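Working notes for the structure below.
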Amino acid sequence: MTDTRSALTRRYQDELTVRQQQGLWRQSGDNAVAESWRNFAGNDYLGLAQDPRLVKKAQQHLERWGVGATASPVVSGFTAAHQSLCDQLCDWLGYPQAILFNSGFAANQALLFTLLGKDDALFQDKLNHASLIEAGLLSPATQRRFRHNDMAHLRQLLAKQIQPSASLIVSEGVFSMDGDVSPTESLAAIANQSGALWALDDAHGIGVLGQEGEGSISRGARPDILIVTFGKALGGGGGGSAGFSHHH
Ligand SMILES: Cc1ncc(COP(=O)(O)O)c(C=O)c1O
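Take 161 as the starting number for the sequence shown in our numbering and just add one per residue.
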């Protein structure tokens with residue numbers, strides 16, 4: 161019998177050595193941000209994470225609601241505060257329904273796991289965030305990735321799709337690494353023509369684009385599903401997705 165413990169230790173050691181050799185060795189302690197520094201590298205685009213008004217509000221909410229949700233939202237973890245946040249999201253972004261998550265990452269995972277079955281197809285921009293690509297790999301649907309912002313390639317991949325299974329196109333409003341935007345009008349048109357659903361992760365557009373910080377939807381096109389995070393420009397943590405109710 162092999163000694164699992166030492167076999168795994170050796171494997172991890174080897175993998176760490178490879179990463180070191182490739183210059184990919186990263187430790188979060190190396191870039192701990194000092195309190196007195198100004199941080200231009202983060203995603204707190206509006207400086208809200210340190211805003212005294214937000215800090216005060218958070219303190220008031222802690223006093224009122226405590227530090228933990230105590231249970232899953234389907235048991236007893238869904239409070240009037242969560243409902244109020246859902247309502248405000250719907251109001252602000254113009255959707256009839258919204259659902260909250262502990263992070264944008266979780267919102268993306270939940271979306272791709274729940275919406276698609278094994279006969280369905282998922283089309284993702286190649287530069288989509290890891291939370292989307294990984295969820296797509298684990299989802300029972302067949303995942304295809306189109307070249308970054310390449311609508312002709314997306315059309316080609318859609319055309320190969322065997323009908324009548326369901327298709328979902330997923331892109332980002334503002335891309336996390338390059339900061340460029342996706343052609344939302346074209347994505348909307350293609351989804352419309354092909355009968356696919358269209359989801360947009362606006363983690364980096366929300367709070368930044370538009371008169372009221374409503375993000376990429378301010379550029380005109382409105383996705384069937386909009387995913388947002390509260391952990392970047394909004395200065396907090398958590399995420400949500402908004403969409404149209406199945407009752408409509
Ligand atoms: C495009 C994109 N989607 C989702 C996420 C995940 O958001 P969160 O940090 O709230 O989990 C990120 C952040 O890393 C992101 O860049």
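C-beta atoms are modelled at their ideal positions from N, C-alpha and C, and glycine is treated no differently.
Keep in mind it's a predicted model, so treat the numbers as computed, not measured.
Nearest-angstrom Cα distance between residue i and residue j?
i, j, result
"G277", "A301", "5 Å"
"H289", "R305", "12 Å"
"G226", "A240", "13 Å"
"S336", "R165", "38 Å"
"L206", "N199", "11 Å"
"A209", "G367", "13 Å"
"C246", "F261", "11 Å"
"A402", "A218", "23 Å"
"T344", "F404", "18 Å"
"H282", "G296", "In the sequence as displayed, the identity of residue 282 is Leu instead of His. Distance between the alpha carbons of L282 and G296 is about 7 Å."
"T177", "G237", "44 Å"
"Q181", "Q173", "12 Å"
"G339", "L317", "25 Å"
"H221", "G228", "11 Å"
"G183", "V334", "28 Å"
"P383", "T162", "52 Å"
"R186", "A192", "12 Å"
"A201", "E372", "24 Å"
"Q257", "H242", "13 Å"
"W197", "I322", "55 Å"
"T169", "S188", "21 Å"
"E195", "N309", "39 Å"
"A348", "K216", "40 Å"
"P212", "N352", "44 Å"
"D279", "S299", "11 Å"
"E332", "V341", "8 Å"
"D204", "L214", "13 Å"
"A167", "R179", "19 Å"
"E294", "V388", "18 Å"
"H408", "R224", "The predicted model places H408 with a pLDDT of 43, which falls under 50 and marks its position as unreliable, so this point remains unresolved."
"R171", "L275", "37 Å"
Considering only their Cβ atoms, is the gap separating residue j from residue i smaller than 8 Å?
i, j, result
"G399", "A266", "yes"
"E175", "W252", "no"
"Q303", "Q284", "yes"
"Y255", "L386", "yes"
"M311", "S263", "no"
"R307", "K286", "yes"
Just confirm the distance between the C-beta atoms of residue i and residue j, as a whole number of angstroms; I'd bet it's less than 8 Å.
i, j, result
"L249", "L272", "20 Å between Cβ atoms; not a contact."
"L314", "I350", "6 Å"
Check whether the region 365-378 and the region 217-233 touch, using three or more Cβ-Cβ pairs below 8 Å as the test. These segments do not touch.
Report yes or no: do the region 362-372 and the region 389-407 share at least 3 C-beta pairs separated by less than 8 Å? The region 362-372 makes contact with the region 389-407; the number of CB pairs closer than 8 Å reaches 3 or more.
Does the region 351-360 come within contact of the region 322-329, defined as at least 3 CB pairs closer than 8 Å? Flag = yes, the region 351-360 and the region 322-329 touch.
Please go through the region 293-326 and give each complete beta strand (DSSP E) segment of 3 or more residues, from N-terminal end onward. Here the runs fully enclosed are 302-306.
Ignoring anything shorter than 3 residues or poking outside the region 334-384, list the beta strand (DSSP E) runs there in chain order. Taking 3 residues as the shortest admissible run, the region 334-384 contains the following complete beta strand (DSSP E) segments, listed from N- to C-terminal end: 357-361.
Unbroken stretches of the alpha helix (DSSP H), 4 residues or longer, contained in the region 193-226: DSSP assignment within the region 193-226 yields the following whole alpha helix (DSSP H) runs of 4 residues or more, N-terminal first: 212-225.
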